[in-house]
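Chains as they are written, first to last, in our numbering: chain A, 22 to 399; chain B, 1179 to 1675.
We treat Cβ as the ideally placed atom computed from N, Cα and C, and that holds for glycine.
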Ligand SMILES: Cc1cc2nc3c(=O)[nH]c(=O)nc-3n(C[C@H](O)[C@H](O)[C@@H](O)COP(=O)(O)OP(=O)(O)OC[C@H]3O[C@@H](n4cnc5c(N)ncnc54)[C@H](O)[C@@H]3O)c2cc1C
Ligand SMILES: Cc1cc2nc3c(=O)[nH]c(=O)nc-3n(C[C@H](O)[C@H](O)[C@H](O)COP(=O)(O)OP(=O)(O)OC[C@H]3O[C@@H](n4cnc5c(N)ncnc54)[C@H](O)[C@@H]3O)c2cc1C
């Protein structure tokens, strides 16, 4: 494992790997090392590139180095009454660089956007071993291509971020969870769609298999009170809502947001049009599958004991995409992490990846998308 | 008129007749415009100082036609400039003498609205406002609201990543688009994103939004629609100077309030707007803020009270809260008419669009006054105060020799100033041709090359909207070349474990 002390070291390492044809795997906290196929690559740990560069709460802008622990950043912004609105989550070791590169987002994503929507600017070292900046350090900017969007969720396939500028937002003063009990997936989805489609400004909606439906209402106290009352009326045909205290609600949201409690050796994350979620659950449940619904049905975590039924195909039939998030090494060697894209999109994606990393320094066998990068002309 | 476009390609001009015949074979009937007088209306976009009649205009009606046009042009090495409604303020849709202008105005249909999943699928020529109109009966709307929304197309919005007065709370176009159908320069049709969140793979949609028509032609857009807030209320606050208005804005945000809109106008802009629409703006103030909040009535009442308190604390001299919808609209009428209002007090005006860190506002306004004196041209300022996006309107008279050039120099100085204080060249209008040559002020050579390499991934022959955004055209082969730095010993000094 290589442990660059700073961005200069990192640049030198990447330039050297590009020249000598070696493969590198960027690593933050390494909490996602078991994602994607087993591979051989030299690990480059970015944890030493750590620390806050600049934080200006009034400007809603935070600039940090990638190895900064996510928990440290969350504590810092919370101290100013602010938050990362995309509600990132991860293990204690998770870094902000890995969080953004993995495109992590929590339950609030459905109304507040994902990491991509909050990454304003960055400095990075491309697979060419060259330093570039993209985006900017202000909340509103359209100057040049929006390369930060490409880097968010790129899983270390394009470039190594050495500095990230994120948009922060005021944290709500009050957060309340309303819960309904005993709804079927179909009834829960209908209730969530009704809530999210109402002007009660519900910021998150999730449903757990054991029949608990969660609606989050956040903001200023008088507003939260009014909206909770409105929701009870709006949903009276669907269910009856009760107030859940936050100590009880937090672990339930965590379950829906991360799918971490689901029983089963093989785990999938499915993004799909919410309207198709109930039918997909009804198809999967008889096959003995554990599941949790987030984003009003737009994100479905599923787990099962084996790679058995073709979850990926069933997700595609529901207009969605299944990503393999949990499996043993042989299974991950066999089933690519990401669903295949149509040929035209896949080819375009490869060309874009090569625009950052022409020799495939970051193209390990981890992702099927990159597996044949060696055959590309440099 | 200091910005030069690439010299037209003689070979292309020589085969114009053949190009016309090929286009007519693909788009029959009225869809190909070739006569000089008929081309004139297409010669500029919203940046009217720059005019260039296109070689010809093609108005396709189907994605198959778009694909066939691009494929043919790609094969023949003919350049193409996409165009929506032509309201760009940065010259993004400026025609080229040797290019086909591809007008998307016939793609006018709302294809599908899914209220349950809160998405609408529309063709790119649908206007921004028409999306809201299509869904408002059911209580929904499309959030990004550029002031040009009655005219600008959603395809143009996607290309420019347009914003509006509500984007502080609701985001720019990029935060509200879920998917596009895109035709690449070689005619290939791809779908990026769709009806669900966070598709797998690289976020190509993210880079297409805001790419100013350089990466592909958008033929379909899937947007999120939002439930319309229960109420909206606005408060109009006058301050003795921009400094106290700026302090008020900072405190509003520091207290955790993200208003639906927060707009500032300076004295010249207030006077121009009031003279134009007579909505009762106070004329004895140095700066005016319009702060709008939306949501349940209980929330609006609460926040309006808070904002009035904060305004008072920062030395507001007048505070008016809208009592009904008519009054709220009146508050906005002046701001929304600011551009035409300035157009009445000056023969011409030039609209700038930089973003600055908000705390720099007093400094930037002071420097702008100095620059105004230096260039001998007036300036009025409207400002998306919440997100630091500044719209200085430079007043000039194009009929006075040299004034346009001075206006451009003044504008360039303002944008350099924005970058100098930590801001950017454009917050929502795009680079186009207008800010093209200023790009090196904000980006280094390597930064620009990295962006251009992405361009090469989509359009390796650089045929789509060339001459825009990038100050220097590098051939893709040249950009792809690697400079090999051989390290003798791979980092013996680095910790390894
Ligand atoms: C089993 C499991 C499943 C999970 N599934 C999901 C999920 O599906 N969705 C979700 O949102 N979260 C998921 N998470 C949460 C996720 O692991 C953490 O939230 C995230 O913070 C990872 O941070 P890290 O620092 O450990 O990243 P790492 O695991 O170290 O790195 C993650 C990725 O980012 C790249 N990377 C790291 N730093 C950089 C950098 N500076 N520049 C460029 N690339 C970089 C790496 O190459 C790697 O591909 C999951 C966690 C676990 C344990
Ligand atoms: C009075 C006025 C007020 C304005 N207010 C605002 C504002 O508040 N906020 C804001 O952000 N902007 C504003 N604008 C700028 C302008 O309206 C926006 O940039 C708008 O998005 C342009 O849309 P259009 O359809 O007119 O595009 P055009 O001007 O026709 O084209 C703009 C760019 O988009 C490309 N393009 C157009 N359609 C497509 C397509 N289908 N596929 C690929 N590329 C395409 C063109 O090549 C060009 O580069 C304003 C303009 C005016 C005149």
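State buried or exposed for residue 1475(B), treating a residue as buried only when at least 16 other CB atoms are found within 10 Å of its CB.
Label assigned to residue 1475(B): exposed.
Take the Cβ of residue 1363(B) as the centre, count every other Cβ of all protein chains shown within 10 Å, and call the residue buried at 16 or more, exposed below.
Label assigned to residue 1363(B): buried.
Assuming contact is defined by CB atoms lying nearer than 7 angstroms, are residue 1399(B) and residue 1302(B) in contact in what I supplied?
Residue 1302(B) is positioned such that its CB atom lies closer than 7 angstroms to that of residue 1399(B).
Alpha carbon to alpha carbon, how far is residue 1467(B) from residue 1645(B)? Give it in angstroms, no decimals.
If you take the alpha carbons of residue 1645(B) and residue 1467(B), they lie about 38 angstroms apart.
Is there at least one Cβ from chain A nearer than 7 angstroms to residue 1492(B)'s Cβ?
No Cβ of chain A is located within less than 7 angstroms of the beta carbon of residue 1492(B).
For the putative contact between residue 181(A) and residue 377(A), defined by C-beta atoms under 8 angstroms, what is the C-beta separation to the nearest angstrom?
In fact, because the Cβ distance is near 10 angstroms, the residues do not count as touching under 8 angstroms.
Evaluate residue 1328(B) with the Cβ neighbour count: other Cβ atoms within 10 Å of its Cβ, from every protein chain shown; 16 or more gives buried, anything less gives exposed.
By the neighbour-count criterion, in which a residue is buried when 16 or more other Cβ atoms sit within 10 angstroms of its Cβ, residue 1328(B) is exposed.
Straight-line gap, residue 399(A) to residue 167(A) (C-alpha atoms, nearest Å):
Residue placement at residue 399(A) is flagged as unreliable, the pLDDT there being 39, under the threshold of 50; a coordinate-derived value is accordingly withheld.
What whole-angstrom Cβ distance do residue 1436(B) and residue 1530(B) have, given they're in contact under 8 angstroms?
In this structure residue 1436(B) does not touch residue 1530(B) by the C-beta definition: roughly 25 angstroms separates them, more than the 8 angstroms allowed.
For residue 385(A), does the count of other Cβ atoms within 10 angstroms reach 16, so buried, or fall short, so exposed?
Its Cβ being crowded by 16 or more others within 10 Å, residue 385(A) is buried.
At which residue ranges does the segment 1215-1273 of chain B contain complete beta strand (DSSP E) runs of 3 or more residues, listed in the order of the chain?
Taken in chain order, the unbroken stretches of beta strand (DSSP E) that lie wholly in the segment 1215-1273 of chain B and span 3 residues or more are 1234-1236, 1257-1261.
Between residue 398(A) and chain B, is any beta-carbon pair separated by less than 7 angstroms?
Caution applies to residue 398(A), whose pLDDT of 44 falls short of 50 and renders its modelled position unreliable; the value that the coordinates give is listed next. The beta carbon of residue 398(A) sits no closer than 7 angstroms to any beta carbon of chain B.
Taking only the alpha-carbon atoms, compute the straight-line gap between residue 1667(B) and residue 1658(B) and give it to the nearest angstrom.
Below a pLDDT of 50, predicted positions are generally treated as unreliable, and residue 1667(B), at 49, falls in that range; no measurement from the model is reported.
What is the residue span of the alpha helix (DSSP H) that residue 1382(B) lies within?
Looking at the DSSP string, the run of the alpha helix (DSSP H) that includes residue 1382(B) is 1382-1386.
Given a cut-off of 7 angstroms on the beta-carbon distance, is the pair residue 1224(B) and residue 1266(B) in contact?
Taking 7 angstroms as the Cβ cut-off, residue 1224(B) and residue 1266(B) qualify as a contacting pair.
Identify every run of the alpha helix (DSSP H) within the segment 237-302 of chain A, keeping only runs that are complete inside it and at least 4 residues long; order them along the chain.
When DSSP assignments are scanned along the segment 237-302 of chain A, the uninterrupted stretches of alpha helix (DSSP H) that are 4 or more residues long and fall wholly within it turn out to be 242-255, 267-279.
Below-7 angstroms beta-carbon distance, residue 1593(B) vs any chain A residue
The beta carbon of residue 1593(B) does not come within 7 angstroms of any beta carbon belonging to chain A, so the residue lies off that interface.
Determine, using beta carbons only, whether residue 1631(B) comes closer than 7 angstroms to chain A.
Judged by the 7 angstroms Cβ criterion, residue 1631(B) is in contact with chain A.
List, in order along the chain, the chain A residues whose C-beta lies closer than 7 angstroms to that of residue 1389(B)?
When 7 angstroms is used as the limit between beta carbons, residue 1389(B) is near these residues of chain A: 166, in chain order.
Does ligand 2 have even one heavy atom less than 6 angstroms from the beta-carbon of residue 1221(B)?
No heavy atom of ligand 2 is found nearer than 6 angstroms to the CB of residue 1221(B).
Below 8 angstroms on the Cβ atoms is my guess for residue 1417(B) versus residue 1464(B); work out the distance and round it to an integer in Å.
Yes, they are in contact, since the Cβ atoms of residue 1417(B) and residue 1464(B) sit about 6 angstroms apart, within 8 angstroms.
Under 8 angstroms Cβ-Cβ, which residues of chain A neighbour residue 1628(B)?
Annotation: Cβ neighbours of residue 1628(B) in chain A (cutoff 8 angstroms, chain order): 147, 151, 153, 155, 168, 376, 377.
If you follow the alpha helix (DSSP H) that residue 1553(B) is in, where does it begin and where does it stop?
For residue 1553(B), the enclosing alpha helix (DSSP H) has its first and last residue at 1539-1553.
CB-CB under 7 angstroms to residue 1194(B), same chain, minus the five flanking residues each way: which ones, in chain order?
Excluding residues within five positions, the ones whose Cβ falls inside 7 angstroms are 1233.
Could you check whether the Cβ of residue 244(A) sits closer than 7 angstroms to any Cβ belonging to chain B?
Cβ-Cβ to chain B under 7 angstroms: yes for residue 244(A).
Is the beta carbon of residue 86(A) less than 7 angstroms from the beta carbon of residue 1635(B)?
Not closer than 7 angstroms, so no.
Are there any heavy atoms of ligand 2 lying less than 6 angstroms away from the beta-carbon of residue 1345(B), as far as the coordinates show?
Not one heavy atom of ligand 2 falls within 6 angstroms of the beta-carbon of residue 1345(B).
What residues of chain B sit near residue 292(A), judged by a beta carbon separation below 9 angstroms?
Per Cβ cutoff of 9 angstroms: 1374, 1375, 1376, 1377, 1378.
Report the start-end ranges of each alpha helix (DSSP H) in the segment 40-103 of chain A that is 4 residues or longer and not cut off at the edges.
Taking only runs of at least 4 residues, the alpha helix (DSSP H) segments lying wholly in the segment 40-103 of chain A are 91-99.
Measuring alpha carbon to alpha carbon, tell me which residue in 113(A), 336(A), 250(A), 153(A) is nearest residue 1374(B).
Looking from the CA of residue 1374(B), the closest CA among 113(A), 336(A), 250(A), 153(A) belongs to 336(A).
What is the rounded straight-line gap between the Cα of residue 1637(B) and the Cα of residue 367(A)?
Rounded to the nearest angstrom, the two C-alpha atoms are 16 angstroms apart.
Got a sec: is the Cβ-Cβ distance from residue 1421(B) to anything in chain A below 7 angstroms?
No, its Cβ sits nowhere closer than 7 angstroms to a Cβ of chain A.
Please tell me whether residue 1296(B) has its Cβ less than 7 angstroms away from any Cβ of chain A.
Residue contact check for residue 1296(B) against chain A: a CB pair falls below 7 angstroms.
Tell me the DSSP secondary structure of residue 1348(B) in three-state form.
The answer is helix: DSSP assigns residue 1348(B) an H, G or I state.
Residue 1187(B) vs residue 1323(B) beta-carbon contact at 7 angstroms
In this structure, residue 1187(B) lies away from residue 1323(B), with their beta-carbon atoms at least 7 angstroms apart.
Residue 312(A) touches chain B at which residues, Cβ-Cβ below 8 angstroms?
Chain B residues near residue 312(A): none, gap ~17 angstroms exceeds 8 angstroms.
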